[in-house]
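**Student:** In numbering that gives the first Met the number 0, the protein residues as written are 0 to 84. Dropping the structure in here first, questions after.
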Amino acid sequence: MQISVDISLYPLKEMGYEEPILAFIATLEKEPNVNVVRNELSTQVHGEYGIIMKLLDKEIYSVFEELPDSVFVLKLVGNNRKGIY
């Protein structure tokens, strides 16, 4: 099943909050079987449900280990919405 996920990450710290966000996105972009689209307010990930969910499970866990005072907002759509507005 193809899905799309809209992700926002909010590291709750005053200084240097951009770095963890950019590192998280860069890690997602390393997965060759998903398509990652960056924009100013969030990041979209498109691809196979199982691959995306395993990737998010691993990477969200890593962020929480490093920065436990972080908030993720995820919106999941049950089909691939890449390029559809």
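In this text, a Cβ means the ideal position worked out from N, Cα and C, and glycines have one as well.
Taking the Cβ atom as the reference point for each residue, do L8 and S69 lie within a distance shorter than 8 Å?
**Tutor:** Closer than 8 Å, so yes.
**Student:** In or out: S61 buried (at least 16 other Cβ within 10 Å) or exposed?
**Tutor:** S61 is exposed by the Cβ-count criterion.
**Student:** Name the DSSP bridge partner or partners of D5?
**Tutor:** Paired residue(s): Q43, K74.
**Student:** With a CB to CB cut of under 8 Å and the five nearest residues on each side skipped, what residues in its chain are close to N32?
**Tutor:** So the qualifying residues of the chain are G46, E47, I50.
**Student:** Could you check the C-alpha separation between K74 and E13 for me, to the nearest Å?
**Tutor:** So the alpha carbons of these two residues sit roughly 25 Å apart.
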